[in-house]
Amino acid sequence: MFMMHSLFFFFCFRRIICGLTQFTNKNHIAFAALEAVCFQTREILDAMNQDCGIPLSQLQVDGGMTNNKILMQLQADILCIPVVKPSMPETTALGAAMAAGAAEGVGVWSLNPGDLTAVTCERFEPQINPEESEFRYARWKKAVQKSMGWESSEASTNGNGDSSIFSSLPLGFYIVSSMVMLIGAKYITGLDK
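Taken in order, the sequence shown gives residues -19 to -1, 1 to 174; the numbers are from mature numbering (1 follows the signal peptide of the UniProt record, and there is no 0).
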């Protein structure tokens, strides 16, 4: 089972969850959501590699999602490269604070390399073989392609370009059956008096 959300922001893409069975539980769906994040990251990194021609040797990450060790290991497995996470997950905020603290006239933070302490990092190494990673990624990309065109802005047609008269049948049946039930209920309550 896996979940996807396309990077292609076309209106015809839909978010879908594939492979549900009677044994699927909330843990499977949560894992599929994490897997989708990793596949999207890989798609972006593949595009960057294609543009610059320099393969990535490791991925350095930060942010709140890096607190999830399962996500970090999954990312390393899908990318087939190490993922490196600093002990301080919010390095963007730390960098902004350091820059503000080192501003002229403030001087509460020194940016001299000798004054800075070494950052401890946690490293996640790939645990699956590249063939398995490629298989899973190809399967996800195939599902992304199949999610296209499930909904369009055009009206429902019968293949000839004409709107189908049958598309309004469910609503018609609902209205007619509701009216029959109301009239029947009124008739039955009238007999009770």
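We put the CB at the ideal spot given by N, CA and C, even for glycine.
(message) Using 8 Å for Cβ pairs, my map puts residue 64 next to residue 79. What's the rounded Cβ distance?
(response) That pair is no contact at about 24 Å.
(message) Do residue 37 and residue 10 have their beta-carbon atoms positioned less than 8 Å apart in this structure?
(response) no
(request) In the DSSP assignment, find the unbroken alpha helix (DSSP H) run with residue 125 in it and report its ends. (result) 111 to 127
(request) Thinking residue 68 and residue 22 are a contact (beta carbons under 8 Å), I'd like their distance in whole angstroms, please. (result) 21 Å between Cβ atoms; not a contact.
(message) So, at 8 Å on beta carbons, what are the nonlocal neighbours of residue 26 in its own chain, with the 5 sequence-adjacent residues on each side left out?
(response) 37, 40 and 60
(message) For residue 1 and residue 18, I'd like the C-alpha separation in whole angstroms.
(response) 19 Å
(message) What would DSSP say about residue -4, mapped onto helix, strand or coil?
(response) strand
(message) On the DSSP letters alone, give me the boundaries of the beta strand (DSSP E) that residue 4 sits inside.
(response) That residue, residue 4, is in no beta strand (DSSP E); it is neither H nor E in DSSP.
(message) For residue 54, report the span of its alpha helix (DSSP H) as first-last.
(response) 50 to 60
(request) Give the DSSP bridge partners of residue 105, in chain order. (result) 64
(message) Could you compute how far the alpha carbon of residue 74 sits from the alpha carbon of residue 81?
(response) 11 Å
(request) Can you check DSSP and say which residues form a bridge with residue 41? (result) 65
(request) Just mark residue 66 as buried or exposed, buried being the case when its beta carbon has 16 or more other beta carbons within 10 Å. (result) buried
(request) Find the nearest neighbour of residue 56 within the set 92, 84 and 12, judged by alpha-carbon distance. (result) 12
(request) Determine the DSSP secondary structure at residue 159, reduced to helix, strand or coil. (result) helix
(request) Indicate the three-state DSSP secondary structure (helix, strand or coil) for residue -10 in the structure shown. (result) Annotation note: pLDDT 49 at residue -10 (below 50); position unreliable, coordinate value reported separately. Reduced to three states, the DSSP call for residue -10 is coil.
(request) Counting only the same chain and skipping the five closest in sequence on each side, list residues whose C-beta sits under 7 Å from that of residue 47. (result) 53, 66 and 70
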